[in-house]
Amino acid sequence: MPISGFSSSAIIDQLTNVLTSLSAEDRKKEVSKTKAVYAFEVVNAQGQKHYFVVDLKQAGKVTDGSTEAEAAKGQPKPDISITISDETFIKISEGKTTAAGEFMSGKVKIKGNMMLGMKLEPLLKRFKKLAENLPALSAAPSSSSSAVKSSGSAAASAQDIVAKGYEGSLVIAQILKAFASDDAKRNAALKNTNAIFQIDLKGPEGVKSWVLNLKPGATSADIVLPGTAAQNKKTAGVTLILNDSDFVDLASGKITGQSAFMSGKLKSKGNVMLALKLESVLKAVKGPAAKL
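This is the structure we're talking about:
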């Protein structure tokens, strides 16, 4: 899920997407190539910190948090800890600089196995290549309507949901991945929510829409759909309209639903009380969510 204020969180999302998309056997192979646990302390331009732990030694998973302890919970002990700026992390991932060069200049600090730090660029390069080979991951739909699934068609994948330039679409894709892979979690959310949401995000290409079908009986095939409710032959109980960046802030807990409503950042059509139920959905997907 994108982290507001941390552009490099997209790199971590890419690692996560690859690991969750691989079969158990292929994930095991990737882990065997690295055999290490990386812990990152990323500092953005405002001096804020966020932590990520990438386990490429045992289970092959990624965790994050606003504190080091939160990110490390449930993960093996790191073999290397890297303190790096948000900007430098991006430059290394894009091949514009090297971890070794930035370490020598003092922009990257390393604790633990130094050689693992020198292997950071090839590691990121390998996962970037794997990500490009995932279906529809590198080429998001050009418009929401073009990706709408007709009745009876195959389920949308998390990659189908992602729209280039709309970070909020990654949040929505995460909802799909979480509920599609966990029947118990999905059924509990449907029972507690019992509503259909239309999310309208304003971004670089205008307004793009997604539907969250959170009514009992929804399946992994239609719980999250690109396009409007009408395009998907659904009736939304509420339509939420906001800027893409504000939706990301809402999902990450940077702003609350109440403050967004009061400031005019969040507008709605339909039963506004249903919007209050979005908190439980975001919380079910990832840790502390926005308080609506």
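Counting from 1, position 239 in the sequence shown corresponds to residue 234 in the numbering used here; the numbering is continuous, with no gaps. C-beta atoms are modelled at their ideal positions from N, C-alpha and C, and glycine is treated no differently. If you're wondering where the values come from, they're calculated on a predicted model, not measured in any experiment.
6 angstroms CB neighbourhood of residue i in its chain, flanking five on each side removed
| i | result |
| --- | --- |
| Q70 | V48, D50 and T58 |
| V202 | D195 |
| Q9 | A126 |
| L119 | S88 |
| N39 | G0, F1 and D81 |
| N108 | D74 and I75 |
| Q53 | P71 |
| T11 | V57 |
| F256 | none |
| A134 | Unreliable positioning characterises A134 in this predicted model, as indicated by a pLDDT of 36, which lies under 50. The coordinate reading is nonetheless provided below. Closer than 6 angstroms at Cβ, skipping near neighbours: no residue. |
Alpha carbon of residue i to alpha carbon of residue j, nearest angstrom
| i | j | result |
| --- | --- | --- |
| R121 | T29 | 11 angstroms |
| L125 | V13 | 7 angstroms |
| K272 | S88 | 38 angstroms |
| Y46 | S2 | 13 angstroms |
| A142 | Q226 | With a pLDDT of 39 at A142, under the threshold of 50, the modelled position of this residue cannot be trusted; read the value that follows with caution. For A142 and Q226, the distance between alpha carbons rounds to 10 angstroms. |
| P117 | G90 | 9 angstroms |
| Q193 | V219 | 10 angstroms |
| G248 | L269 | 19 angstroms |
| S204 | K159 | 13 angstroms |
| Q41 | K106 | 24 angstroms |
| K102 | R181 | 43 angstroms |
| I236 | K262 | 5 angstroms |
| S4 | D178 | 28 angstroms |
| I79 | Q43 | 12 angstroms |
| S254 | M110 | 47 angstroms |
| P136 | A64 | Its pLDDT being 38, under 50, P136 is placed unreliably by the model, and the measurement read from it follows with that caveat. Cα-Cα distance, rounded: 37 angstroms. |
Under 7 angstroms between C-beta atoms of residue i and residue j
| i | j | result |
| --- | --- | --- |
| P221 | I156 | yes |
| K210 | N189 | yes |
| D244 | S(-1) | yes |
| I191 | G232 | yes |
| K234 | G259 | The amino acid occupying residue 234 in the given sequence is Thr; Lys does not appear at that position. No, they are not a contact pair. |
| F35 | I6 | no |
| G112 | I170 | no |
| A95 | L115 | no |
| A183 | S215 | no |
| G55 | V26 | yes |
| A246 | L207 | no |
Residue environment, residue i, which counts as buried when at least 16 other CB atoms sit within 10 Å
| i | result |
| --- | --- |
| T62 | exposed |
| T223 | buried |
| K228 | exposed |
| E20 | exposed |
| P73 | buried |
| V37 | buried |
| S145 | The predicted position of S145 is uncertain, since its pLDDT is 37 and thus under 50; a value taken from the coordinates is nonetheless stated next. It counts as exposed. |
| G163 | buried |
| V267 | exposed |
| D217 | buried |
| S100 | exposed |
| K23 | exposed |
| T230 | exposed |
| G252 | buried |
| K172 | buried |
| S18 | exposed |
| A213 | buried |
Spatial neighbours of residue i in its chain, beta-carbon cut-off 8 angstroms, leaving aside the 5 residues before and after
| i | result |
| --- | --- |
| T92 | T83 and K86 |
| K186 | P211 |
| I250 | D241, D244, K260 and A285 |
| K123 | Q9 and S88 |
| K68 | T58 and G60 |
Contacts around residue i, its chain only, beta-carbon distance under 7 angstroms, and the 5 residues preceding and following it disregarded
| i | result |
| --- | --- |
| A66 | Y46, F47, V48, T58, D59 and G60 |
| F98 | I105 and G112 |
| I161 | First, the amino acid is wrong: residue 161 is Tyr here, not Ile. For Y161, where only same-chain residues beyond five positions count, the Cβ hits under 7 angstroms are L196, G198, K203 and D239. |
Identity of the residues DSSP links to residue i by a beta bridge
| i | result |
| --- | --- |
| A179 | BP columns for A179 are empty, so no partner. |
| N208 | I191 |
| D59 | F47 |
| N227 | The partner list for N227 (beta bridge, DSSP) is empty, contrary to what the question assumes. |
| P71 | Its beta-bridge partners do not exist; DSSP assigns none. |
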